[in-house]
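A.B. asks:
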Amino acid sequence: MQRHLISAADLTRDDAVLILDTAEEMARVADRPIKKLPTLRGRTVVNLFFEDSTRTRISFEAAEKRLSADVINFTAKGSSVSKGESLKDTAQTLEAMGVDAVVIRHGASGAPYRLANSGWIDAAVINAGDGTHQHPTQALLDAFTLRRRLVGRDAGLGQDLAGRRVTLVGDILHSRVARSNVDLLHTLGAEVVLVAPPTLLPVGVGSWPCEVSYDLDSTLSKSDAVMMLRVQRERMNAAFFPTEREYSRRYGLDGERMARLPEHAVVMHPGPMVRGMEITAEVADSPRCTAVEQVANGVSIRMAVLYLLLGGAVFDTKNAPAATHTRTEEK
Amino acid sequence: MSKILIRGAKVLGGEPGDVLIDGGTVAAVGPDLAAEAGEGAEIVEAGGKVLLPGLVDLHTHLREPGREDSETVLTGTRAAASGGYTAVFAMANTFPVADTAGVVEQVYRLGREHGYCDVQPIGAVTVGLEGRKLAELGAMHDSAAGVTVFSDDGKCVDDAVIMRRALEYVKAFGGVVAQHAQEPRLTEGAQMNEGVVSAELGLGGWPAVAEESIIARDVLLAEHVGSRVHICHLSTAGSVEIVRWAKSRGIDVTAEVTPHHLLLTDEMVRSYNPVYKVNPPLRTDRDVMALREALADGTIDIVATDHAPHPHEDKDCEWAAAAMGMVGLETALSVVQETMVDTGLLDWAGVADRMSVRPAQIGRATGHGRPVSAGEPANLTLVDTAYRGQVDPAGFASRSRNTPYAGRELPGRVTHTWLRGKATLVDGKLT
Numbered sequence: 001m002q003r004h005l006i007s008a009a010d011l012t013r014d015d016a017v018l019i020l021d022t023a024e025e026m027a028r029v030a031d032r033p034i035k036k037l038p039t040l041r042g043r044t045v046v047n048l049f050f051e052d053s054t055r056t057r058i059s060f061e062a063a064e065k066r067l068s069a070d071v072i073n074f075t076a077k078g079s080s081v082s083k084g085e086s087l088k089d090t091a092q093t094l095e096a097m098g099v100d101a102v103v104i105r106h107g108a109s110g111a112p113y114r115l116a117n118s119g120w121i122d123a124a125v126i127n128a129g130d131g132t133h134q135h136p137t138q139a140l141l142d143a144f145t146l147r148r149r150l151v152g153r154d155a156g157l158g159q160d161l162a163g164r165r166v167t168l169v170g171d172i173l174h175s176r177v178a179r180s181n182v183d184l185l186h187t188l189g190a191e192v193v194l195v196a197p198p199t200l201l202p203v204g205v206g207s208w209p210c211e212v213s214y215d216l217d218s219t220l221s222k223s224d225a226v227m228m229l230r231v232q233r234e235r236m237n238a239a240f241f242p243t244e245r246e247y248s249r250r251y252g253l254d255g256e257r258m259a260r261l262p263e264h265a266v267v268m269h270p271g272p273m274v275r276g277m278e279i280t281a282e283v284a285d286s287p288r289c290t291a292v293e294q295v296a297n298g299v300s301i302r303m304a305v306l307y308l309l310l311g312g313a314v315f316d317t318k319n320a321p322a323a324t325h326t327r328t329e330e331k
Numbered sequence: 001m002s003k004i005l006i007r008g009a010k011v012l013g014g015e016p017g018d019v020l021i022d023g024g025t026v027a028a029v030g031p032d033l034a035a036e037a038g039e040g041a042e043i044v045e046a047g048g049k050v051l052l053p054g055l056v057d058l059h060t061h062l063r064e065p066g067r068e069d070s071e072t073v074l075t076g077t078r079a080a081a082s083g084g085y086t087a088v089f090a091m092a093n094t095f096p097v098a099d100t101a102g103v104v105e106q107v108y109r110l111g112r113e114h115g116y117c118d119v120q121p122i123g124a125v126t127v128g129l130e131g132r133k134l135a136e137l138g139a140m141h142d143s144a145a146g147v148t149v150f151s152d153d154g155k156c157v158d159d160a161v162i163m164r165r166a167l168e169y170v171k172a173f174g175g176v177v178a179q180h181a182q183e184p185r186l187t188e189g190a191q192m193n194e195g196v197v198s199a200e201l202g203l204g205g206w207p208a209v210a211e212e213s214i215i216a217r218d219v220l221l222a223e224h225v226g227s228r229v230h231i232c233h234l235s236t237a238g239s240v241e242i243v244r245w246a247k248s249r250g251i252d253v254t255a256e257v258t259p260h261h262l263l264l265t266d267e268m269v270r271s272y273n274p275v276y277k278v279n280p281p282l283r284t285d286r287d288v289m290a291l292r293e294a295l296a297d298g299t300i301d302i303v304a305t306d307h308a309p310h311p312h313e314d315k316d317c318e319w320a321a322a323a324m325g326m327v328g329l330e331t332a333l334s335v336v337q338e339t340m341v342d343t344g345l346l347d348w349a350g351v352a353d354r355m356s357v358r359p360a361q362i363g364r365a366t367g368h369g370r371p372v373s374a375g376e377p378a379n380l381t382l383v384d385t386a387y388r389g390q391v392d393p394a395g396f397a398s399r400s401r402n403t404p405y406a407g408r409e410l411p412g413r414v415t416h417t418w419l420r421g422k423a424t425l426v427d428g429k430l431t
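Here it is as C-alpha cells:
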C-alpha cells in the first residue's frame, strides 16, 4: 500500500482511476445541504506551506474540513523556519503534536520526497507542489476535469483517457504542473504534446513520454484539450523570450486560435492566469475554459486522495516503496 | 631511528620481496633482506600486500581555518594517513581565504606539527576568491609554505584577463594555476548535471558545456602565454576530448579526476539524498566510462579526492539547501581499485603513477611520489588488495561523514602508512 503521494509517476492506471472515481463520490457531497463526511474525524492533517500558495492551501483545507479532519495550517513566513529552523526539525515538531498527514508545499524540488523517505517522520506525506518537480493533485484534478468534459460524469466512471490528445503550452521548464500532467496523462493512456519556445523546454525532454512542438498553431486542430501554463513575466529578463508581446503572439491563446480547436475541445488553466500574456480575456471567460471548474474539482480530488491515503484503502501498487524515483536502480 | 623490515610486499604489485627502511629513508629493496636488517629491526609481515609510494592528493579541503566544525588540519591529515596519503594539498577556500603568506604559513605549520601527513597549502589566485584582483602569489611562494599551486577552487577564475595574467605571472617561480572550470552564468542555480534526470527531477541543470567551455578557453590561454595549467576535477566526456586535443598540440596541461566521478552517476540523485550533491555534479554513465578510459591512457594525469567535509546538518536536509561535496581521503584508493584495477584498466604501477608520482610532480612536492628504491624517502603505503568490505563512516578519522559509499562494499584497505620512515598507520590504526 502506498502511504504517500509524492509524484504522479508513482500512480498506476488503476490507482489513478480509483482516485478519479472516488472524487466523483466526493463531488456528490458538495451537492448536499451539509457538505461534510465524518471519515477523518479525530485525525489531524497539517498543511505545511513553505511557499505562498493561497489557492492550493485553501483547496486542501476545504477538502480536509469536509472530511471532518482537524486542520493545522503552518506557513513558513513569520515562523521558526524564517529564523533558520530546518525542514527536519519543523516536521518533527509538528509530528510530535500528533499529526496523521502532512500536506507539504515547498520551493525545493524533492523536499516532500525527503520528508517521506528520510526517516524523519512517520506521517503520510502529500505533495502539494515541490519546486519545479511535481504537483500530483493538480494533475489528478486536471485528469478529473478532462474525463468529465470529454467522457462524461457517469459514463467516465472506471474509464481512463485513452486516445485523447492533450496539448500543454507554456513554461514547461519551470513547471511542476507540466511534469505531473505528462506522467499522469501518459499513465491514463492520453497522448500529450508539449508546446513551448525551445528556451522553456528542459534539456532531456526527449526522454519524456510525449511529443514536443515549437509551433502552437500546428497542434490546435488535433487537440481534445489545450492546457495553458502560466508564464512569469520575469522570465523575460532572463532571456527566455524577447518580450511579453512576442511571447503572446507566438504562444498565447486568443479567440482566433481557440476557434481552430475541434468543437468539443476544452481550454484548461491551472491558475493563476496572466490575462493578456498566455491567455486572452475572451478565452479565459469563454464557456470552453474550465479554469473555475478545475478549482471546484480540486477539492473533490483532494478529498479523494486524503480519504484513500488516510482511510487505508489499498492502491494497486503493492509493496511499492514510498516513492517516486526508484525505477532506476543505483549503479 | 630504528630499522623497519617490510617482508613479502609486492612493490607496485610486482613479485613479493623485502623493503628495508632505515630512519627516514628506504635503505634497500630485495628478495630477502633479513641479513641486512640485522637484529632488532621491527618486522612488518606484508604477506603479499601491495606496497606503493605514499599517496599524494592535489585537492583536499582541510577547512581550517574557519570551518573547524567540519574538519581541521589534524583530523584531515589523520584521514589522509588512514587513506594511505603522505602529502595533501590544502585548498584555499578557508575563512579567512588562504590568499596571504600568513594564512598559508599557518596551515603549513599545523601540518608539520601534527606530523600525520605533509600539508602543502594551495594559495588563492585572487583576493578573497573574488576573481577580480590577483592575490600576492609571489609572497605566498616565498613564504615558509613555499606555495607552487594556486587555485580559487570552489569558484572559477572566469575573467579571461585575470586567468591569463595568473598563468603568466606564476611562471616566474614555476607555479601552476589549478582551474575550477565552471562558467558561472551557465550554472546559476545549478543543482545537478543537466540532462534526462534533471529534467525529470526538476532540479536546476548544470550543463557539461559550462565546464568544457572554460577548459577550452584555458588550454588556449596556456598555449598562448606558454604556461602550464592544471584542470581540477574533470567530469565530462567532452572535457576529456578537449584535454586530449590540447595535449596532442603540445599544450602544457594536466588534469585530475575524482574517485566519485569514476564510479557514481546522476542516476543516484533520484534519491534526492544530498550525499550525492557535489561540485562538479555527478554525470552520466557515458562520462564515467570516458573518464576511466582517459585516466588509463594518461589523458587525465591524476586522481585527486576533492575531499570536502561538511557537518551532518548541511546534508540532512532538502537537496537545494544542502552543501556540495563529499569526503574522499579514506575511500579513494578503494574506489580506484574498484573502477580501474579490478576492471583491468590500470595495474598497481599505474595507480602509483596516478595517485603519487604525477600529483607530486605537478605540485612540486619534493620527496613524495618517488620510486620505491634505495636512497629514496620512506614515504610508503601498504595496501591489502584482497580485502573486500563495507564502508563504515563511523570508523572514519575525518571529522565529517558525508560519504556516498556508506554501506557499499568496496575492495582494498590501507593497513600501513609511513611518512619519512615514521609509521602514521599500523594495521589500519592511526598511531
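Chains A and B supply the protein sequences, listed in that same order.
Mapping the first sequence onto the UniProt record's numbering, position 111 (from 1) lands on 111, and the numbers just tick up by one.
Mapping the second sequence onto the UniProt record's numbering, position 251 (from 1) lands on 251, and the numbers just tick up by one.
Idealized CB from N, CA, C, for every residue including glycine.
1. Which residue marks the beginning of the alpha helix (DSSP H) containing R359/B, and which one marks its end?
2. DSSP puts E45/B in a beta bridge; with which residues?
3. Do Q134/A and A8/A have their CB atoms nearer than 9 Å?
4. Given a threshold of 16 other Cβ atoms within 10 Å of its Cβ, counted over all protein chains shown, does I242/B qualify as buried or as exposed?
5. Using a C-beta to C-beta distance shorter than 7 Å, which residues of chain B count as neighbours of Y113/A?
6. Thinking C-alpha only, which one of G174/B, L220/B, A332/B, R286/B is nearest A365/B?
7. Of the choices L262/B, D158/B, M192/B, M268/B, whose alpha-carbon is the least far from that of R217/B?
8. On the DSSP bridge list, what partners appear for R105/A?
9. Where does Y169/B sit, in a helix, a strand or coil, going by DSSP?
10. L309/A and R3/A look like a contact to me (Cβ under 8 Å); what is the Cβ gap, rounded to whole Å?
11. Closer than 9 Å, Cβ to any Cβ of chain B: which residues of the region 96-111 of chain A, in chain order?
12. Between which two residues does the alpha helix (DSSP H) harbouring M258/A extend?
13. For the region 317-337 of chain B, list every residue whose C-beta sits within 9 Å of some C-beta in chain A, in sequence order.
14. With 16 as the cutoff for other CB atoms within 10 Å, does N181/A come out buried or exposed?
15. Between the region 348-360 of chain B and the region 26-45 of chain B, do three or more beta carbon pairs fall short of 8 Å?
16. Do Q182/B and P280/B have their C-beta atoms closer together than 9 Å?
17. Mind checking the region 19-30 of chain A against chain B and listing, in chain order, the residues whose C-beta falls within less than 9 Å of any C-beta there?
18. I'd like the span of the beta strand (DSSP E) that includes V229/B, first residue to last.
19. Would you kindly work out how many angstroms separate the C-alpha atoms of T385/B and I4/B, rounded to a whole number?
20. Closer than 8 Å is the cut-off here; do at least three beta carbon pairs connect the region 138-158 of chain A with the region 191-205 of chain A?
21. Which chain B residues are close to T75/A, counting only those with a beta carbon under 9 Å from its beta carbon?
22. Taking the CB atoms as reference points, tell me whether G54/B and G84/B lie closer together than 9 Å.
23. Counting Cβ pairs, one atom from each stretch, are 3 or more of them under 8 Å apart for the region 410-429 of chain B and the region 332-351 of chain B?
24. If you measure from the beta carbon of P136/A to each beta carbon in chain B, is any gap under 9 Å?
25. Taking all protein chains shown into account, do 16 or more other C-beta atoms lie within 10 angstroms of the C-beta of G48/B, making it buried, or fewer, making it exposed?
26. Give the range of the beta strand (DSSP E) segment to which A178/B is assigned.
27. In three-state DSSP terms, what is V283/A?
28. Listed in chain order, which residues of the region 125-156 of chain A have Cβ atoms closer than 9 Å to some Cβ of chain B?
29. Below 9 Å between beta carbons is the criterion; list the residues of the region 202-218 of chain A that meet it against any residue of chain B, in chain order.
30. Going by C-alpha to C-alpha distance, which of A423/B, G195/B, F150/B sits closest to residue 442/B?
31. At what residues does the beta strand (DSSP E) containing N127/A begin and finish?
32. Taking 9 Å as the CB-CB limit, is P371/B close to chain A?
33. Name the chain A residues that come within less than 8 Å of E313/B, Cβ to Cβ?
34. Comparing C-alpha positions only, which one of R401/B, T258/B, T148/B sits nearest to E313/B?
35. Give the residues of chain A in contact with V196/B, contact being defined as C-beta atoms less than 7 Å apart.
36. Whole angstroms is fine: what's the gap from A76/A's alpha carbon to V103/A's?
C.D. replies: Reading off the structure:
1. On the second sequence, position 359 is the one that residue 359/B refers to. Before going further, note that residue 359/B is Pro rather than Arg in the sequence given. Segment 358-363, the alpha helix (DSSP H) holding P359/B.
2. Taking the second sequence and counting its residues from 1, the one referred to as residue 45/B is at position 45. According to DSSP, residue pairing for E45/B in a beta bridge involves R7/B.
3. What you label residue 134/A is simply residue 134 of the first sequence in a count that begins at 1. What you label residue 8/A is simply residue 8 of the first sequence in a count that begins at 1. Taking 9 Å as the Cβ cut-off, Q134/A and A8/A qualify as a contacting pair.
4. Against the second sequence, residue 242/B aligns to sequence position 242. Per the 10 Å Cβ criterion, buried.
5. As a working mapping, residue 113/A is identified with position 113 in the first sequence. What Y113/A touches in chain B: Y272.
6. Position 365 of the second sequence, counting from 1, holds the residue named residue 365/B. Nearest C-alpha to A365/B: G174/B.
7. Start at 1 with the first residue of the second sequence, and residue 217/B comes out as number 217. Minimum Cα distance to R217/B is reached at D158/B.
8. On the first sequence, position 105 is the one that residue 105/A refers to. The beta-bridge partner set that DSSP reports for R105/A consists of F49/A.
9. Working through the second sequence from its first residue, we reach residue 169/B at position 169. Helix, per DSSP.
10. Looking up residue 309/A in the first sequence gives position 309. Looking up residue 3/A in the first sequence gives position 3. Confirmed, about 7 Å.
11. The region 96-111 of chain A vs chain B, Cβ under 9 Å: H106, G107, A108, S109, G110, A111.
12. For the purposes of this step, residue 258/A is taken as the residue at position 258 of the first sequence. Residues 255-259.
13. Result list: C317, E318, W319, A320, A321.
14. Start at 1 with the first residue of the first sequence, and residue 181/A comes out as number 181. Around the beta carbon of N181/A, 16 or more other beta carbons sit within 10 angstroms, so the residue counts as buried.
15. Two segments are said to touch when three or more pairs of C-beta atoms, one from each, lie closer than 8 Å; by this definition the region 348-360 of chain B does not touch the region 26-45 of chain B.
16. Residue 182/B sits at position 182 when you count from the first residue of the second sequence. Residue 280/B sits at position 280 when you count from the first residue of the second sequence. Yes, the Cβ-Cβ distance between Q182/B and P280/B is below 9 Å.
17. Within the region 19-30 of chain A, no residue qualifies.
18. Residue numbering aside, residue 229/B sits at position 229 when the second sequence is read from its first letter. Here the beta strand (DSSP E) through V229/B covers 229-231.
19. Against the second sequence, residue 385/B aligns to sequence position 385. Against the second sequence, residue 4/B aligns to sequence position 4. So the alpha carbons of these two residues sit roughly 22 Å apart.
20. No: the two stretches stay apart, fewer than three of their Cβ pairs being nearer than 8 Å.
21. Counted from its first residue, the first sequence places residue 75/A at position 75. When 9 Å is used as the limit between beta carbons, T75/A is near no residue of chain B, the shortest such separation being about 17 Å.
22. Mapped onto the second sequence, residue 54/B falls at position 54. Mapped onto the second sequence, residue 84/B falls at position 84. Yes, the pair counts as a contact, with Cβ atoms nearer than the cut-off.
23. Counting C-beta pairs closer than 8 Å gives three or more between the region 410-429 of chain B and the region 332-351 of chain B, which meets the contact rule.
24. As a working mapping, residue 136/A is identified with position 136 in the first sequence. Not one beta carbon of chain B lies nearer than 9 Å to the beta carbon of P136/A.
25. Along the second sequence, read from residue 1 onward, the residue named residue 48/B stands at position 48. Taking all protein chains shown into account, G48/B has fewer than 16 neighbouring C-beta atoms within 10 Å of its C-beta and is therefore exposed.
26. By one-based count along the second sequence, residue 178/B stands at place 178. Per DSSP, A178/B belongs to the beta strand (DSSP E) from 176-179.
27. As a first step, residue 283/A is located in the first sequence; it is residue number 283 there, counting from the start. Correct three-state label for V283/A: helix.
28. Listed by position, the residues of the region 125-156 of chain A near chain B (Cβ gap below 9 Å) are D130, G131, T132, H133, Q134.
29. Residues of the region 202-218 of chain A whose Cβ lies closer than 9 Å to any Cβ of chain B, in chain order: P202, V203, G204, V205, G206, S207, W208.
30. Coverage of chain B is limited to positions 1 through 431, which leaves residue 442/B absent and any answer about it impossible.
31. Stepping through the first sequence from its first residue, residue 127/A is reached at position 127. First-last of the beta strand (DSSP E) with N127/A: 124-130.
32. Counted from its first residue, the second sequence places residue 371/B at position 371. It does not: the Cβ of P371/B has no partner Cβ on chain A nearer than 9 Å.
33. Within the second sequence, the letter at position 313 stands for residue 313/B. Neighbours of E313/B on chain A, chain order: S86.
34. The count along the second sequence starts at 1 and reaches residue 313/B at position 313. The alpha carbon of E313/B has as its nearest neighbour, out of R401/B, T258/B, T148/B, the alpha carbon of R401/B.
35. Stepping through the second sequence from its first residue, residue 196/B is reached at position 196. Below the 7 Å Cβ cutoff, chain A contributes G204, S207 as neighbours of V196/B, in chain order.
36. For the purposes of this step, residue 76/A is taken as residue 76 along the first sequence, with counting starting at 1. For the purposes of this step, residue 103/A is taken as residue 103 along the first sequence, with counting starting at 1. For the pair A76/A and V103/A, the Cα-to-Cα distance works out to about 13 Å.
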